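Residue numbers (UniProt numbering): 1 to 1173.
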């Protein structure tokens, strides 16, 4: 992939800054002073390819939403992608049509390489270059890390690996105590021991439990009795509260009965009666007021008089009033129109006299008005005349020129010699060309053979375990299948892993045995706890003494073993002593049964652990024997090759290198065979070409093929040149003859057109003041005066008509005014028509005002009449409501209604109070009905209720005190009871909870530890795999580049092995290997650059190439090394595009010195412009 152009439409301080990369060149050198915009352009490349970051410093001139970078990418298949990158979160790549371009499409042109990898691999500046050199030193020249660092551009590889190891060490060390996992594992063991030590004790349990149950039963009895008394007390309190309510209810019922029969009225009778009474009174007052207002309105209407004859002409008077201003304007316009008409008449006479003085009169105007067709005809003929004259002269000159050229070409054709036949020569030369550049191919293959031979020798020298030559090596009987080696490698890994697992299990068993023994020692330190064996031994000694005493009692003699048993002491005291000891041991074991059980368990565990350890020791021996057998089989596999093998992984790599050497040998032999075939083809071509050339020129025996081809091409070139020249002359002669004939025909055609023009001109000017001999320019001037004359007359005619129309319009207006004055019966008074209209309009406005006032009074009268009707209806409605209330109450006057209303409201009040009392009784009745509450209250003596309540309260207080005392005692016993159940286990529970927390922490940290170890292993394995796959091709190419960059102070690069048998990278100087720590900083920078360029070459050969962006990497290089670096970069540009940024003029001068102009494009930054040099 390459850039065709990059346009910074709006980015940084640039606006529409175009960078066009020449498609014929792959090396683009961008130079300019500091602050010219190179760094901005450098950033724009990654922002264009991968998008803008969330925060950017390039939006100071153009806002974030305005940032735009446009570009065109093209890959090696010829596919192109043009898009514009904007700043945003999605759809930031826009096509030429403004639609989003999928990011996958852009990523496909970048081989789906992420931005970080692109920057690490294909972007290089002097800082990254120095970091790369330092990284090589930090790795100690480790071959895998060196190759991987240079290829990926990741310069902190060693620090990453060290950081992984540091983090893992902070989590766990096999023999450590400070790391987190070590601390947690130790704490987990301590907690497990603590849990095993905590056991539930059961002494004195039964008596304590009996006391607990007795108190629990007594507390239940007291609680039940208190509950019964409380129920009785609540009943007495309820009856005491209800009795006054019942008395009040009876009183209200009596009052209600005393009211007698009161008619039912509306609930809101007071409001209805008062409101209706107020409405009736208000309606009567309003009727009186309306009558007075109607009388006043009638009096005012009689005083108004309206002139109807004026109002009838209202529309006509208003229309005339609107036309008054126009009438006055017309009066002023008449004198102006008369003056304008006289002025136009004078102008018309002046122009008519200029054209034809003899006919100059207004009545002769039609003689000066030419038809439009005649005027256009005269104009067209005036335009054609100079064109026809010019075309005729040009055609005549062209004919004379053609005659001269034709004569010259005929002379040149007659002077040319005849052309020889070159078909055989051309056929032979084509045969040689089809064979290609044979000599160059032979030379190239010879160089390739020498290169491959050197590669074979270097690979053989670099191959460990072999000191012989390449021919013997390829014939060596080594294992043919890599899977065989992988099988051995897998078996070794399995055996080693099993052995490590067994060893780990043995180690854990030893730790468990030590922990159990420590627990036994701890138990013994608290109090000596006898074992079952010790008890059995003491009882056996006691039983032996009893057997001796029993034998003495039965036989009268002591048994022969008595002396040994008593050791010279009296037998009975010794026996009694042994009896006491056996009983004491049994008592101790009974009292310390818990600890005895624990100790027995620990002893059993120790025995079990030792048994498992013996089994694992046997398994370990078997695995060690299997590992020795595997080593024997592994060495036997390589015995035919007489090689003492290394590990399977190393020998697998050895086989890969052996296969590469065999492949190189095959390539070398194929190249030699191609050279022999090409040499035979070269001889055939020489013989064929020599035979044909002898007829054209002298040819010597043994002349090289290149010289023969050159001689044949020169001869063929001369023959073809002569034939081409002859063909060219013949074609030119034919063309000139055709042009001569065309010129003659054209000249005749133009002459004919000139004659036609003269006839048309005579016809066009006939009947006018224009003579036939007048030139076209003069005729056009006269024609313009004809048009001016008619235009002035038309204006004169329009002015006269306008004057007549104004006069007629004023007369019509005055006639209308006269008619309206007569109709409206108004005097004339001999005044101006405009003044008369204004006077009529004023009278009309006064009449309209009087008419409006009369209509308003009439509307008021109508409204008052309607209000009078409404009030009469309201008075009637109020009377109807009062009549209805009289009927309901059975009365006929307002006063009687008010008395009945008072009685009705009192009745409603009594009924409401009764309902409220009954509701209160039901709320306090604990769900009983009203009748049940009345019956309940009837069963109690109201005078003794207070005494019963006092007695019940005293009994409750006594029982509460008793229950309080029992509850306190029960609470204390219960607390102790629960502590007896749970207390001993709380420590174990807390320890178990803490152990669960520790387990969770161990699991979390173990996962982190495994991730770090896996990351280290995977990274190291990836580095080693990359080295094994790429070491030889990259090493050879990097060695050549390194030798050139160091000006051959080093001969190249080699891979050797250090004291740990690890492959390390070294420089080669005078046949000796030089480690990296023996090189200067500048040399390590050049070594890193060599590896980096070789990796990019290999990437470009196997993948779609990507542009290599270089920013002033030569700041620490001297001139000679800088020049050599530029040469190497120029060579690299043959396989990938290189964009080189610099502000050093000396680098530009160097590049112009070493590179041809067609190889490099120079782009110079000047402020906000970029110029191509």
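Note that the Cβ used here is the ideal one computed from N, Cα and C, for glycine as well. Computed from a prediction, not measured in an experiment: that's the story for all the values here.
Open item on the list: What would DSSP say about residue 924, mapped onto helix, strand or coil?
Closed with: The residue labelled residue 924 in the question sits at position 924 within the chain shown. In the structure shown, residue 924 sits in coil (DSSP, three-state: anything other than H, G, I, E or B).
Open item on the list: DSSP three-state label for residue 917, please.
Closed with: For the purposes of this step, residue 917 is taken as residue 917 along the chain shown, with counting starting at 1. Residue state, collapsed to three classes: helix.
TODO: Ignore the nearest five residues each way along the sequence and tell me which others in residue 1044's own chain have a CB closer than 7 Å to its CB.
DONE: As a first step, residue 1044 must be located in the chain shown, where it is residue number 1044. Here the set comprises 1124, 1128.
Task: Proximity below 9 Å, CB of residue 460 to CB of residue 661 - done: Taking the chain shown and counting its residues from 1, one reaches residue 460 at position 460. Taking the chain shown and counting its residues from 1, one reaches residue 661 at position 661. The answer is yes: Cβ separation under 9 Å.
TODO: Assign residue 18 to one of three DSSP states: helix, strand, or coil.
DONE: Within the chain shown, the letter at position 18 stands for residue 18. Reduced to three states, the DSSP call for residue 18 is strand.
Open item on the list: If contact is defined by three or more beta carbon pairs under 8 Å, each pair taking one atom from either stretch, is the region 1143-1163 in contact with the region 72-84?
Closed with: no
Open item on the list: With H, G and I counted as helix, E and B as strand and the rest as coil, what does DSSP make of residue 1143?
Closed with: Along the chain shown, read from residue 1 onward, the residue named residue 1143 stands at position 1143. It is coil, neither helix nor strand.
- [ ] Put residue 200 into one of helix, strand or coil per three-state DSSP.
- [x] For this step, residue 200 is matched to residue 200 along the chain shown. Unreliable positioning characterises residue 200 in this predicted model, as indicated by a pLDDT of 37, which lies under 50. A coordinate reading is not provided.
Open item on the list: What would DSSP say about residue 163, mapped onto helix, strand or coil?
Closed with: Mapped onto the chain shown, residue 163 falls at position 163. Three-state result, residue 163: helix.
Open item on the list: Just checking residue 974 against the ligand HEM - is the residue's beta carbon closer than 8 Å to any of the ligand's heavy atoms?
Closed with: Looking at this structure, you won't find the ligand HEM or any other ligand, since it has none at all.
Task: Beta-carbon gap between residue 1160 and residue 31 smaller than 9 Å - done: Looking up residue 1160 in the chain shown gives position 1160. Looking up residue 31 in the chain shown gives position 31. No; because the gap between Cβ atoms is not below 9 Å, this pair is not in contact.
Task: Cβ-Cβ distance between residue 89 and residue 56 below 9 Å - done: Here residue 89 is taken as the residue at index 89 of the chain shown, counted from 1. Here residue 56 is taken as the residue at index 56 of the chain shown, counted from 1. Going by C-beta atoms, residue 89 is not nearer than 9 Å to residue 56.
Task: CB contact flag (residue 6, residue 1085, <9 Å) - done: As a first step, residue 6 must be located in the chain shown, where it is residue number 6. As a first step, residue 1085 must be located in the chain shown, where it is residue number 1085. The answer is no: Cβ separation not under 9 Å.
Open item on the list: If I follow the unbroken alpha helix (DSSP H) through residue 893, where does it start and stop?
Closed with: Locating residue 893 in the chain shown gives position 893, counting from the first residue. Counting along the chain, residue 893 falls outside any alpha helix (DSSP H), and DSSP gives it neither H nor E.
Task: Helix, strand or coil at residue 1158 [DSSP, three-state] - done: Stepping through the chain shown from its first residue, residue 1158 is reached at position 1158. Residue 1158 falls in the coil class under three-state DSSP.
TODO: Using the DSSP secondary-structure output, state which residues sit across from residue 100 in a beta bridge.
DONE: On the chain shown, residue 100 is found 100 positions in, with the first residue counted as 1. For residue 100, which the question treats as bridged, DSSP gives the partners 94.
Task: Touching by the beta-carbon criterion (3+ pairs, under 8 Å), the region 425-445 and the region 773-782 - done: no
Open item on the list: Using the Cβ count rule (16 or more neighbours within 10 Å means buried), how would you classify residue 1083?
Closed with: Stepping through the chain shown from its first residue, residue 1083 is reached at position 1083. By the 10 Å Cβ count, residue 1083 comes out buried.
- [ ] Hey, could you find the ends of the beta strand (DSSP E) residue 4 is sitting in?
- [x] As a working note, residue 4 is residue 4 in the chain shown. 2-11 is the span of the beta strand (DSSP E), which, as asked, contains residue 4.
- [ ] Under the assumption that residue 576 contacts residue 538 (Cβ atoms under 8 Å), give the Cβ distance between them as a whole number of angstroms.
- [x] Residue numbering aside, residue 576 sits at position 576 when the chain shown is read from its first letter. Residue numbering aside, residue 538 sits at position 538 when the chain shown is read from its first letter. At roughly 13 Å, the Cβ-Cβ gap does not stay under 8 Å, so residue 576 and residue 538 are not in contact.
Open item on the list: If you follow the alpha helix (DSSP H) that residue 335 is in, where does it begin and where does it stop?
Closed with: If you number the chain shown from 1, residue 335 lands on position 335. Note, residue 335: alpha helix (DSSP H), 314-355.
Task: Rounded straight-line distance, which links the Cα of residue 557 to that of residue 550 - done: Within the chain shown, the letter at position 550 stands for residue 550. Within the chain shown, the letter at position 557 stands for residue 557. Computed Cα separation, rounded: 10 Å.
Task: Residue interval of the beta strand (DSSP E) (run including residue 478) - done: In the chain shown, residue 478 corresponds to position 478, counting from 1. No beta strand (DSSP E) contains residue 478, which DSSP labels as neither H nor E.
Task: Backbone secondary structure at residue 502 - three-state DSSP - done: If you number the chain shown from 1, residue 502 lands on position 502. The answer is helix: DSSP assigns residue 502 an H, G or I state.
Task: Inter-residue CB distance, residue 265 and residue 888 (contact presumed, cutoff 8 Å) - done: On the chain shown, position 265 is the one that residue 265 refers to. On the chain shown, position 888 is the one that residue 888 refers to. About 6 Å separates the two Cβ atoms, so the contact holds.
Task: Bridge-paired residues (DSSP) for residue 611 - done: For the purposes of this step, residue 611 is taken as the residue at position 611 of the chain shown. Its beta-bridge partners do not exist; DSSP assigns none.
Task: Counted within 10 angstroms of its Cβ, other Cβ atoms place residue 1177 as buried (16 or more) or exposed - done: A question about residue 1177 goes unanswered here, because the residues of the chain that appear run from 1 up to 1173.
Task: Residue range of the beta strand (DSSP E) that includes residue 1069 - done: For the purposes of this step, residue 1069 is taken as residue 1069 along the chain shown, with counting starting at 1. Element bounds for residue 1069: 1063-1069.
- [ ] Any chance you could list the beta strand (DSSP E) runs of at least 3 consecutive residues sitting entirely within the region 817-849, in chain order?
- [x] none
Task: Alpha-carbon spacing of residue 152 relative to residue 1075, whole angstroms - done: The residue labelled residue 152 in the question sits at position 152 within the chain shown. The residue labelled residue 1075 in the question sits at position 1075 within the chain shown. With a pLDDT of 48 at residue 152, under the threshold of 50, the predicted position of this residue should be treated as unreliable, though the coordinate-derived value follows. Going from the Cα of residue 152 to the Cα of residue 1075 covers about 23 Å.
TODO: Just grab the DSSP bridge partners of residue 1198 for me.
DONE: With the chain covering 1 to 1173 only, the question about residue 1198 has no answer from this structure.
TODO: Compute the distance between the beta-carbons of residue 959 and residue 269, then report whether it is under 9 Å.
DONE: Position 959 of the chain shown, counting from 1, holds the residue named residue 959. Position 269 of the chain shown, counting from 1, holds the residue named residue 269. Taking 9 Å as the Cβ cut-off, residue 959 and residue 269 do not qualify as a contacting pair.
- [ ] Classify residue 1163 as helix, strand or coil using the three-state DSSP reduction.
- [x] Mapped onto the chain shown, residue 1163 falls at position 1163. Reduced to three states, the DSSP call for residue 1163 is strand.
- [ ] Report the partner residues of residue 1138 according to the DSSP bridge assignment.
- [x] For the purposes of this step, residue 1138 is taken as the residue at position 1138 of the chain shown. Answer is 27, 1108, bridged to residue 1138.
- [ ] For residue 747, collect the residues of the same chain with a Cβ closer than 6 Å to its Cβ; drop the 5 residues on either side in sequence, then sort them by chain order.
- [x] On the chain shown, residue 747 is found 747 positions in, with the first residue counted as 1. Closer than 6 Å at the Cβ level, and outside the excluded window around residue 747, lie 395.
Task: Residue environment, residue 358, which counts as buried when at least 16 other CB atoms sit within 10 Å - done: Within the chain shown, residue 358 is the residue found at index 358, counting from 1. So residue 358 ends up on the exposed side.
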